[in-house]
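As structure tokens, the structure follows; a few thoughts come after it.
There are 2 protein chains.
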Amino acid sequence: MKSAEIIAVGSELLTPQRVDTNSLYVTEQLNLLGVEVVRKQVIGDDRDRLTEAIRVAVDRSHIVVLIGGLGPTEDDVTRDAVAAALGRTLRLSLEQESVLIARFRQINRPMAKNNLRQAYLVEGAEALPNPHGTAPGQYMSTNRGALAMLPGPPREMKPMMKEQLLPRLRHVVPPSVIRVRNFRVTGIGESDLDTLIAPVYTKYTNPATTVLSAPGDLFVQLRATGSTEKEADALLREVGNPIAELLGEKVYSENADEPLEAVIGRLLRKQIATVSAAESCTGGLIAGRLTEQAGSSDFFLAGYVTYSDDQKTKVLNVPADVIAKHSAVSEAVATAMAEGARKLSGSTYAVSTTGYAGPTGGTDYDPVGTVYIGLAAPAKTEVVRARYGGDRYRTRALATQAALDLLRRRLFKA
Amino acid sequence: MKSAEIIAVGSELLTPQRVDTNSLYVTEQLNLLGVEVVRKQVIGDDRDRLTEAIRVAVDRSHIVVLIGGLGPTEDDVTRDAVAAALGRTLRLSLEQESVLIARFRQINRPMAKNNLRQAYLVEGAEALPNPHGTAPGQYMSTNRGALAMLPGPPREMKPMMKEQLLPRLRHVVPPSVIRVRNFRVTGIGESDLDTLIAPVYTKYTNPATTVLSAPGDLFVQLRATGSTEKEADALLREVGNPIAELLGEKVYSENADEPLEAVIGRLLRKQIATVSAAESCTGGLIAGRLTEQAGSSDFFLAGYVTYSDDQKTKVLNVPADVIAKHSAVSEAVATAMAEGARKLSGSTYAVSTTGYAGPTGGTDYDPVGTVYIGLAAPAKTEVVRARYGGDRYRTRALATQAALDLLRRRLFKA
Chain A
1 MKSAEIIAVG SELLTPQRVD TNSLYVTEQL NLLGVEVVRK QVIGDDRDRL TEAIRVAVDR
61 SHIVVLIGGL GPTEDDVTRD AVAAALGRTL RLSLEQESVL IARFRQINRP MAKNNLRQAY
121 LVEGAEALPN PHGTAPGQYM STNRGALAML PGPPREMKPM MKEQLLPRLR HVVPPSVIRV
181 RNFRVTGIGE SDLDTLIAPV YTKYTNPATT VLSAPGDLFV QLRATGSTEK EADALLREVG
241 NPIAELLGEK VYSENADEPL EAVIGRLLRK QIATVSAAES CTGGLIAGRL TEQAGSSDFF
301 LAGYVTYSDD QKTKVLNVPA DVIAKHSAVS EAVATAMAEG ARKLSGSTYA VSTTGYAGPT
361 GGTDYDPVGT VYIGLAAPAK TEVVRARYGG DRYRTRALAT QAALDLLRRR LFKA
Chain W
1 MKSAEIIAVG SELLTPQRVD TNSLYVTEQL NLLGVEVVRK QVIGDDRDRL TEAIRVAVDR
61 SHIVVLIGGL GPTEDDVTRD AVAAALGRTL RLSLEQESVL IARFRQINRP MAKNNLRQAY
121 LVEGAEALPN PHGTAPGQYM STNRGALAML PGPPREMKPM MKEQLLPRLR HVVPPSVIRV
181 RNFRVTGIGE SDLDTLIAPV YTKYTNPATT VLSAPGDLFV QLRATGSTEK EADALLREVG
241 NPIAELLGEK VYSENADEPL EAVIGRLLRK QIATVSAAES CTGGLIAGRL TEQAGSSDFF
301 LAGYVTYSDD QKTKVLNVPA DVIAKHSAVS EAVATAMAEG ARKLSGSTYA VSTTGYAGPT
361 GGTDYDPVGT VYIGLAAPAK TEVVRARYGG DRYRTRALAT QAALDLLRRR LFKA
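If you read the protein sequences in the order shown, they are chains A and W.
When you line the first sequence up against the numbering used here, it's residues 1 to 414, in that order.
When you line the second sequence up against the numbering used here, it's residues 1 to 414, in that order.
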């Protein structure tokens, strides 16, 4: 497979405020050609550092894409650095000079003298027209493949990438396609997941496998390259099917853009069912997640954040003597909360949480991090007891995810 | 000035979907030490490429910070690559092994065998404790200065950067004092804020001024450099005092780590007062924010996510004829919701929201993005009507922030 690297040029991209996002679009377009981006760099407006970076990059990668630093000012050093790195000269292109003059006439602005810098091409380079700005891009062959310079403003860079650079790169890249398969997974930790599936995926470098993790939420992506779509898809099946089998119902979606609450919304709509939430330690996070999707009023009826004992009794009808006997953090109270919410809202299902999010609270039997998670359904109410480590933020996030997952699994079965 | 480079490790950061944002925080912290970041790189989970990049970086820059690739899995290659680049060995640290075992015991999960990889330190490296995750960081001296490895998850990386790495780097960086002054601001847009305060801060390069923005939440930071603390503080007063005066009560805190809900918690505790929330379009986000702080049960009594008309009437006693006459999204209903929540919970204050978060819904008079925000207090109930642009996510976040700010301003006055 051909490899590419991207060098974004600009001192502003080395401040705490700005991040290079141009490379995302360039990566997407290169991937469509079957080219893998193996390295990205950000270099300031520093001629020497940039020259060195380009020299190394053209020796090591087939395709080098530089973004930015093509403007008219002193600190626009990309042209100079490319010429220096390749040991070539910069030459004024009379054709580009006319293009520039015409462009300034078109936008009805006087052309300051320094703009002429933009009409210089590196020896052997072809100009890439820029209908949205003044700086043309440049394209040239290198020993290993090709080098391109694109302007920094996204409105100029994107059309140039797609309409000018891609067609030229097709001639240096053998035809191939990249296809991906995603698994969104919950109910298992990252290292346990890896222990489970690494024996499958480590046997292959194609597809390449990535595992990402957020609290209670894992993401496995397989990326296969083939000379045809069919070939890439066959590789995805070969590795993906055993992984799907190992993970079973821990996979809640194969759609990368579908979070757990969206899966729940989809299943509830399909079953014409509704849900409500009775929350103590998660303090509204479950309701917040369930109402994140547009149109969630189709399936979400109500949330009750009953933070005090008094509210649990008054709003959800949790008997005061049950709280007195078992304490507010208990299986009995989680049961009564879920059933109370289901009754008060008239929903098909209701989830509940009660626990010690910390950092203080807890008992010997139920230390900080203990959460009882309830699910009231038409047939029965179930409660699971979980113990999370880590801080308050993590406990609340994990308990929210676990409550949603308890509901999701029930809906899968229904 | 000392120079630094940052290498973010992870194949997912070379896809079109993900961008490295960790380096922004690391840059900010390095800048506070007076260290300039001159180059950033992203390398995939590729041992050889990473080894080469590290070898070059330690030869050329004083400080090299690696982020990510410290997890337990096969594709976590940072430790190996650093050892290979510096020609050092990796050694099992018995101390780190015990830390890991204790950590897994604390979070009550069995420790998969591959986790032991995280207990290996590069020869000559010191472990940087990670209270928020399993992978310790590492720190070591190099010929030109220092190299550090930080974990990828921001919640683990940020505290380690600030509390562990910065104090160590102070020994390799010549002393100059950097002092900061922060303003957390709400109730004004970013460009209006800049129009207001730019005439003050643009006159100075020291202190340097940064404006960061999140929906409804702005952050202004002044960073002054001086040879003494006194000199830097004088500069902060010279520029910061006029800015504070211009912004007035739009500044809700000068503590960078104090979000709006923490200010509210502080004020409520001080006044021995309590709050509840009645939410429609914000769907639990207000309750979620108010319960984020440890010990929030001191001041937060209850949240009611009354998503349907029926629930507004049944739970909060909003009269059905008021909804029929004014519609659920109206000043009258916002008033009744806040008063209903205040009464049902017995809280001193209650906030409410009802609106069209979108993307569908709305009327000619109250189009998508319209939200009525109520505040019931002992003396009176007030309602403000807001109209937000942008998507569902943004409208919900802005309405949540506005409701909290309405309460904060009232508490300021009390």
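Don't be surprised by glycine CBs; every beta carbon is placed ideally from N, CA and C.
Burial state of residue i, where buried means 16 or more other Cβ atoms lie within 10 Å
i	result
W:K203	exposed
A:L398	buried
W:A256	exposed
A:I243	buried
W:R237	exposed
A:M1	exposed
A:L147	buried
A:T225	buried
A:F300	buried
W:G248	exposed
W:G295	exposed
A:G87	exposed
A:L193	buried
W:E261	buried
Test: residue i CB closer than 8 angstroms to a CB of chain D
i	result
W:H132	Among the protein chains in the structure shown, which are A and W, there is no chain D.
Where residue i falls: helix, strand or coil (DSSP)
i	result
A:K2	coil
W:Q271	coil
W:G137	strand
W:I43	strand
W:A119	helix
A:E52	helix
A:S276	strand
A:N114	helix
W:I101	helix
A:L235	helix
A:Q293	coil
A:L212	strand
A:F412	helix
A:N182	strand
A:Y304	strand
A:I323	helix
A:L166	helix
A:G340	helix
Option nearest residue i by Cα separation, candidates the options
i	options	result
W:L285	W:V26, W:T89, W:T134 and W:Y393	W:Y393
A:L375	A:I178, A:L116, A:K343 and A:P367	A:K343
A:L218	A:A232, A:E258 and A:A287	A:E258
A:P174	A:L316, A:L33 and A:V351	A:L33
A:V35	A:I63, A:G10 and A:V42	A:I63
A:R396	A:T348, A:G346, A:S276 and A:P215	A:P215
A:G389	A:N31, A:T370 and A:A403	A:T370
W:N30	W:L411, W:N206, W:E163 and W:S253	In the sequence on display, residue 30 of chain W carries Leu and not Asn. The residue with the shortest Cα to Cα distance from W:L30 is W:E163.
W:F104	A:R91, A:E190 and A:A402	A:E190
W:D310	A:G346, A:D309 and A:I178	A:G346
W:K312	W:A341, W:A102 and W:T73	W:A341
W:V177	W:P378, W:S98, W:A234 and W:T360	W:A234
Residue i CB to nearest heavy atom of the ligand GDP below 7 angstroms
i	result
A:P151	Among the components modelled here there is no ligand, and therefore nothing to report on the ligand GDP.
Any C-beta of chain A within less than 7 angstroms: which residues of the region 30-43 of chain W qualify? N31, V37, V38, R39, K40, Q41, V42 and I43
Say whether the region 304-322 of chain A touches the region 359-376 of chain A, bearing in mind that this needs 3 or more beta-carbon pairs closer than 8 angstroms, one atom from each stretch. no
What are the residues of the region 296-314 of chain A that lie near chain W, defined by any Cβ-Cβ distance shorter than 9 angstroms? S296, S297, F300, L301, A302, G303, Y304, V305, T306, Y307, S308, D310, Q311 and K314
Does the region 109-129 of chain W come within contact of the region 170-190 of chain W, defined as at least 3 CB pairs closer than 8 angstroms? no
Assess contact between the region 302-310 of chain A and the region 274-288 of chain W, defined as three or more Cβ pairs (one per stretch) separated by less than 8 angstroms. Is contact present? yes
Taking only beta carbons into account, state which residues of the region 96-112 of chain W come closer than 9 angstroms to chain A, listed in chain order. R103, F104, R105, Q106, I107, N108, R109, P110, M111 and A112
Using a Cβ cut-off of 7 angstroms, which residues of the region 379-399 of chain W contact any Cβ in chain A, in chain order? R392
Between the region 45-61 of chain W and the region 76-83 of chain W, do three or more beta carbon pairs fall short of 8 angstroms? yes
Against chain W, which members of the region 178-211 of chain A pass a CB distance test of less than 8 angstroms? G189, E190, S191, D192, D194, T195, A198, T202, A208, T209, T210 and V211
Quick one: which residues of the region 325-357 of chain A get their C-beta closer than 9 angstroms to a C-beta of chain W? List them in chain order. L344, S345, G346 and A357
Three CB pairs or more closer than 8 angstroms across the region 65-75 of chain A and the region 20-27 of chain A: yes
Just checking, does the region 193-200 of chain W make contact with the region 268-281 of chain W on the three C-beta pairs under 8 angstroms criterion? no
What are the residues in the region 57-89 of chain A lying within 7 angstroms of chain W by C-beta distance? Contacts with chain W (Cβ-Cβ distance below 7 angstroms) from the region 57-89 of chain A involve no residue at all.
Along the region 144-172 of chain A, what residues have a CB closer than 9 angstroms to any CB found in chain W? none
Could you say if the region 148-161 of chain A and the region 128-138 of chain A meet the contact criterion of at least three C-beta pairs nearer than 8 angstroms? Short answer: they touch.
Closer than 9 angstroms, Cβ to Cβ, to anything on chain A: give me those residues from the region 220-249 of chain W, in chain order. Residues passing the 9 angstroms Cβ filter: none.
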